[in-house]
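Before any comments, here is the structure.
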Amino acid sequence: MSESCDVLIEINHGWRRFAVGLADVWIKGDVADSDIVTAFERLSADAGASAVQVALSTLSGHFAIIVCHPDWICAAVDRIRSIPLVWACDETNELCVAQEGRKLLAHLDGGRKAVDLDQALAVALAGYTVGDATLYKDIQTLLPGHFLFKNGAQTVTECYHRFTPWTASQASGNDAAQRAQLAELTLSILQELIDRADGRTIALPLSAGLDSRLIAAGLKQLGYQNVVCFAYGQAGNHEAETSRVIAERIGYPWHFVPFTNASMAKMFSSDHYAGYRAYADSLTGVHFPQDYRAIMALLADGILPPDCILVNGQSGDFISGNHIPAALESAPTNPDNIDTRVERIIDMLMSKHFKQWRFLMRDENLSRIRTLLRAEIVSLTEGAMPDDPVADYGVYEVVEFVDRQSKYVVNGQRLYEYLNLEWALPLWHDRYLEYWAARPVSHKARQRLYRDMLIEANWAGVWQDIPVNAKRIRPRWLIPVRFAFKVLHAPFGKTQWHRFERKVFEYLMTPLCSYAVRSWFEIAMDGRGPWTGISPHIEDYLHDHGVAFENLDGNFPK
59 MSESCDVLIE
69 INHGWRRFAV
79 GLADVWIKGD
89 VADSDIVTAF
99 ERLSADAGAS
109 AVQVALSTLS
119 GHFAIIVCHP
129 DWICAAVDRI
139 RSIPLVWACD
149 ETNELCVAQE
159 GRKLLAHLDG
169 GRKAVDLDQA
179 LAVALAGYTV
189 GDATLYKDIQ
199 TLLPGHFLFK
209 NGAQTVTECY
219 HRFTPWTASQ
229 ASGNDAAQRA
239 QLAELTLSIL
249 QELIDRADGR
259 TIALPLSAGL
269 DSRLIAAGLK
279 QLGYQNVVCF
289 AYGQAGNHEA
299 ETSRVIAERI
309 GYPWHFVPFT
319 NASMAKMFSS
329 DHYAGYRAYA
339 DSLTGVHFPQ
349 DYRAIMALLA
359 DGILPPDCIL
369 VNGQSGDFIS
379 GNHIPAALES
389 APTNPDNIDT
399 RVERIIDMLM
409 SKHFKQWRFL
419 MRDENLSRIR
429 TLLRAEIVSL
439 TEGAMPDDPV
449 ADYGVYEVVE
459 FVDRQSKYVV
469 NGQRLYEYLN
479 LEWALPLWHD
489 RYLEYWAARP
499 VSHKARQRLY
509 RDMLIEANWA
519 GVWQDIPVNA
529 KRIRPRWLIP
539 VRFAFKVLHA
549 PFGKTQWHRF
559 ERKVFEYLMT
569 PLCSYAVRSW
579 FEIAMDGRGP
589 WTGISPHIED
599 YLHDHGVAFE
609 NLDGNFPK
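For the sequence shown, the residue numbers in this note's numbering are 59 to 616.
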């Protein structure tokens with residue numbers, strides 16, 4: 059039986075197409091065409107999912123691929139889903155695959171698909187869906203390290219790589235040896251980046267944290283000179299000021315792009331930005347709005363050449379353990395009760411991530427999210443919690459990895475593609491993924507091993523006397539005003555003060571001006587309780603898909 063597939067991919071934004079034997083291949087990413095040929099040229103007409111699994115496991119790097127053989131079809135994403143793929147079968151059971159979710163949605167019955175209200179609620183509360191679901195019941199996304207395979211009437215999804223931090227041995231080993239190994243691994247990954255850049259400009263958004271500093275310092279340690287650093291946000295913000303000090307110490311040029319709420323409001327309402335939002339939508343959550351204006355300004359001013367490589371620090375803090383909740387750094391009090399252990403992990407996920415709109419945090423809504431997370435944990439762990447309950451932190455990590463990291467944080471790379479820029483994610487390198495998945499909690503909690511290695515190595519001399527993420531209040535005129543209101547709120551307690559501060563001052567203090575998609579008055583008077591500057595973007599995203607908050611209880615228009 060001859061297979062056919064609607065591949066809703068245009069040959070732009072990094073996609074390319076070529077033939078391997080009888081198969082048509084669409085590929086995007088940093089995998090060489092020759093590696094694709096080697097992996098797939100020997101697959102015969104009767105190849106099954108297991109043969110495709112083996113072929114995919116030989117590929118490394120960041121990519122998405124679709125292979126249409128006359129007798130079978132497969133589509134896959136890399137180990138972190140750096141380039142998303144969504145898929146569905148139409149009314150004739152023909153497989154349809156796309157990167158851009160809205161193209162797939164329009165292709166399927168003119169976009170008239172049923173919304174999954176539980177997943178829409180997850181997006182409302184966290185900004186992204188849970189598991190392999192999208193906003194729509196009949197459309198799925200491929201999870202990190204997964205592929206789909208169609209041979210005949212049945213379409214199946216399988217896994218060729220799993221991120222399994224809960225299986226790590228909890229033996230610490232020799233700390234000095236581990237620091238040396240990590241330093242060597244990190245520099246070897248950065249050397250790969252240098253080889254790929256081959257003299258071109260590496261453009262680096264440099265913050266006050268560890269991760270982008272690591273990349274800048276590591277590139278300097280290895281002798282690469284063509285690096286341009288930049289920062290952005292409100293004038294005087296702590297991230298930018300520390301970024302400038304780091305760049306000056308290293309000796310790399312540094313540029314600052316100022317944000318104001320007025321300039322960001324204008325940008326958020328532009329047609330070009332609307333195009334980016336649509337391009338970045340894989341039907342699994344809100345876009346990443348952070349550095350759009352900065353990149354646009356640097357390109358317009360000729361500071362970034364069109365052949366540069368954008369390299370950010372995502373997601374060094376996550377992968378090295380900084381997101382492990384303190385409560386999961388040790389074994390639970392009742393380690394023999396599996397259900398209690400699962401619920402403890404869900405408690406941590408809920409309290410950290412599912413709170414973008416306070417008025418939606420009703421018990422019945424939170425129960426629906428807990429049901430989704432419970433099912434996801436069973437799926438990701440294949441129903442087997444760690445034998446060692448100390449390793450439960452790894453289950454927390456894999457859920458965040460699959461949901462928040464791959465669907466929101468890593469999806470920020472769509473901006474660079476939208477602007478036809480090349481990108482690289484060295485801290486999501488396959489070897490880094492494997493290394494950190496195997497580290498015990500004693501190395502990962504509070505990033506102990508990562509921090510100790512960086513301080514000891516002290517590449518470029520920027521690790522021992524330049525603070526990490528020192529906070530300050532900007533704009534300056536707000537400092538006395540805020541203090542006066544804080545004094546007035548003293549009799550009412552910290553909880554009341556922090557709620558007032560978030561409603562009234564957060565809009566003005568946020569360095570990235572991300573609230574500016576609304577006016578200050580709209581945010582301050584919004585009794586529904588937006589939690590961060592991403593909250594109104596989430597509301598707009600759901601609105602794009604015809605979902606209003608009042609629909610989330612099941613009252614969705616027919």
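All C-beta atoms in this analysis are idealised placements derived from N, C-alpha and C, irrespective of residue type, glycine included.
Worksheet item: If you compare alpha carbons, which of R416, L418, M443 is closest to D17?
Response: Outside the displayed range of the chain (59 to 616) lies residue 17, so it cannot be described from this structure.
Worksheet item: Hey, is the segment 326-338 in contact with the segment 474-485, meaning 3+ C-beta pairs nearer than 8 angstroms?
Response: yes
Worksheet item: Is it right to say K502 is buried, meaning 16 or more other beta carbons lie within 10 angstroms of its own, or is it exposed?
Response: buried
Discussion item. With a threshold of 8 angstroms on Cβ separation, who are the neighbours of L610 within its own chain once the five nearest residues in sequence on each side are excluded?
Written reply: L175, A178, L179, A182, L418, N423
Worksheet entry | Selected residue, minimal CA-CA separation from I141, among E458, L570, V89 | V89
Worksheet item: For the beta strand (DSSP E) that contains A113, what are its first and last residues?
Response: Looking at the DSSP string, A113 is not in any beta strand (DSSP E); the run it does join, the alpha helix (DSSP H), is 107-115.
Worksheet item: Given a threshold of 16 other Cβ atoms within 10 Å of its Cβ, counted over all protein chains shown, does W208 qualify as buried or as exposed?
Response: First, the amino acid is wrong: residue 208 is Lys here, not Trp. The residue in question, K208, is buried, as its Cβ has 16 or more Cβ neighbours within 10 Å.
Discussion item. Just to confirm my understanding: we take A107, look at its own chain, exclude 5 residues before and 5 after, and list those with CB closer than 7 angstroms. What are they?
Written reply: F207, V214, E216
Worksheet item: In whole angstroms, what separates the C-alpha of L570 from that of Y218?
Response: 38 angstroms
Worksheet item: Between the C-alpha atoms of A384 and Y451, what's the straight-line distance to the nearest angstrom?
Response: 10 angstroms
Discussion item. Using CA atoms only, rank isn't needed, just tell me which of S388, D394, L431 is closest to I404.
Written reply: L431
Practice prompt. Return the residue from the list L66, S327, F558 that minimises the CA-CA distance to V545.
Written response: F558
Item to complete: Look up H603 in the DSSP assignment and say whether it is helix, strand or coil.
Response: coil
Practice prompt. Could you name each continuous beta strand (DSSP E) segment of 3 residues or more that falls completely within the segment 459-494, going from the start of the chain to the end?
Written response: 480-482
Item to complete: Could you check the C-alpha separation between G470 and F121 for me, to the nearest Å?
Response: 15 angstroms
Worksheet item: Quick one, are the C-beta atoms of L200 and V286 less than 8 angstroms apart?
Response: no
Worksheet item: What residues are listed by DSSP as bridge partners for T199?
Response: V144
Worksheet item: Given a threshold of 16 other Cβ atoms within 10 Å of its Cβ, counted over all protein chains shown, does T391 qualify as buried or as exposed?
Response: exposed
Practice prompt. For the segment 494-509 and the segment 373-382, state whether three or more C-beta atom pairs, one from each stretch, are separated by less than 8 angstroms.
Written response: yes
Practice prompt. Express the C-alpha separation of W589 and D598 in angstroms, rounding to a whole number.
Written response: 15 angstroms
Worksheet item: What does E216 pair with, by DSSP beta-bridge criteria?
Response: F205
Item to complete: Starting from the N-terminal side, write out each stretch of the alpha helix (DSSP H) that is 4 residues or longer and does not extend beyond the segment 231-279.
Response: 233-255, 269-279
Worksheet item: Just curious, the alpha helix (DSSP H) that A449 is in, first and last residue?
Response: Run containing A449: none; DSSP gives neither H nor E here.
Item to complete: Between the Cα of A355 and those of W415, L101, S321, F346, spot the shortest distance and give me the residue it belongs to.
Response: S321
Practice prompt. Assign D329 to buried or exposed, taking buried as 16 or more other Cβ atoms, counted over all protein chains shown, within 10 Å of its Cβ.
Written response: exposed
Practice prompt. Assign R74 to one of three DSSP states: helix, strand, or coil.
Written response: strand
Discussion item. Quick check: what's the CA-CA separation for V125 versus F317?
Written reply: 43 angstroms
Discussion item. Let me check one thing: in DSSP terms, what residues is F314 bridge-paired to?
Written reply: A289
Worksheet entry | Anticipated Cβ contact below 8 angstroms, V400 with I435, distance rounded | 6 angstroms
Worksheet item: Between K616 and the rest of its own chain, which residues show a CB-CB distance below 8 angstroms, the 5 nearest in sequence each way excluded?
Response: Low confidence applies here, because K616 scores a pLDDT of 37, under 50, leaving its location unreliable and the question unanswered by this model.
Worksheet entry | Buried versus exposed call for V539 [16 or more other C-beta atoms within 10 Å across all chains shown] | exposed
Worksheet entry | Coarse secondary structure for Y282, derived from DSSP in three states | coil
Item to complete: Consult DSSP for G159 and reduce its assignment to one of helix, strand or coil.
Response: helix
Practice prompt. List the endpoints of the continuous alpha helix (DSSP H) containing V135.
Written response: No alpha helix (DSSP H) holds V135; the beta strand (DSSP E) holding it covers 130-135.
Worksheet item: Based on the DSSP secondary-structure assignment, which residues constitute the bridge partners of F121?
Response: G87
Fill in: Coil, strand or helix - E61 by DSSP
coil
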